[in-house]
Amino acid sequence: MSSRLYGFDTRHNHVAEETPWVERAADDALLLVPLAQVCRTLNAGGSRTTSGGLWHATTLRRVLIHPAIAGLERKGDNLVKAEWDAIIAPDKHHALVRLFTDPARTPGASYDYMLTSGGSECSECRSWMGARPSNSGRASYSCRAEGCKKVRISASLLEQYMGEHVLAELVKPETAGRLAAARRTLEAEAQALRATLVLIETQEAEAGTEYAARRLSMVTMKEIARGLQAQRKPVKARLRFLDSILNTEPNIGSDPVKWWNKNASVAARRTVTLLLVERVIVHPASAQGVHSVEPGRVSILWRSLGSRQGN
Ligand SMILES: [Zn+2]
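The working numbering applies: residue 3 is where the sequence shown begins, and numbers increase by one.
Right, dumping it as structure tokens:
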């Protein structure tokens, strides 16, 4: 871990190799370039965080909204001019803070989706359904795949349906053992994926080193970076999904019905649901505006005995 902020040394002098990247990232972010894409630009260009790692959106966001890069520091409740030189103008700093803390930028953030992205899939194209508001602003799960987008279901409808079925399992005495076994399986999978990510980052860093030593052309280096990026994307998506399940350890107690209906947080319900259920497949509704889960609309694939014995 390093105690300095990117762009500065520990005495707040500018680090000449880093400040142009701060300016570039700030400008790109203000042009609404997605942070993940800004990170890719930085990584491909050889920029590394102060701890030597690759940029991720959360790390970059932290730098971009840090008042120090605008030559400001916090004194009590106020931001005052600091003794060091700014890398970006204070106006830009304020615009970045607004950008990254504006609730309007994350529509539907107030709705806590039980199934999260990846918790359900489209019957037509088998891609994950996204958890986000529909055009009318209603919390929904919908297929986002180009060329499909054929399935959408209201979040409350699907979650209530899932809740009824999961609760029917929770009241069975053997379910506690199933939950524990599923957690072990998913933890093992997450660990393997983390190892894969480390490997990809190592390869990326090596390509960067080779490029810096002029043993690789810019074109080749970029090609390698693109290839690794393509490998990383599905791994990270799956890991995010697994973490959304594993981050919570629900304490169900002796009365699952009371727990589910009264005490459980959405995160705890999500964990229990996705530990028990391998896949939730949603089929198109028979007509628009159907406000119930019709027979055959949702298929639940419970984690099988086979996968439970697999660890
Ligand atoms: Zn689809």
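Here a beta-carbon is modelled for each residue, glycine too, at the ideal position from N, C-alpha and C.
- Given a length threshold of 3 residues, each whole run of the beta strand (DSSP E) inside the stretch 43-124 is given here in chain order: 74-77 and 80-83.
- A Cβ-Cβ contact shorter than 8 Å links T198 with V237.
- Chain order is used for the residues whose beta-carbon lies nearer than 5 Å to a heavy atom of ligand 1, namely C124, E126, C127, C145, A147 and C150.
- Excluding sequence positions up to five before and after S49, its CB lies within less than 6 Å of the CB of W23, all in the same chain and listed in chain order.
- Restricting attention to beta strand (DSSP E) runs no shorter than 3 residues, the stretch 256-308 encloses them at 279-284 and 300-304, ordered along the chain.
- The Cβ-Cβ distance between V279 and I302 falls below 8 Å.
- In terms of CA proximity to E212, A46 leads the group V268, L117 and A46.
- The beta carbon of E161 is closer than 6 Å to those of M116 in its chain, skipping five residues each way along the sequence.
- By alpha-carbon distance to W130, the top candidate from G120, N137, S136 and S138 is G120.
- Apart from the 5 residues on each side of it in sequence, D114 sits with its Cβ closer than 8 Å to the Cβ of V268 and A269 in its chain, given in chain order.
- Look at H16 here: in three-state DSSP terms it is strand.
- If you draw a straight line from the Cα of S142 to the Cα of E19, it comes to about 45 Å.
- Pairing R154 with S136 gives a Cβ-Cβ distance under 8 Å.
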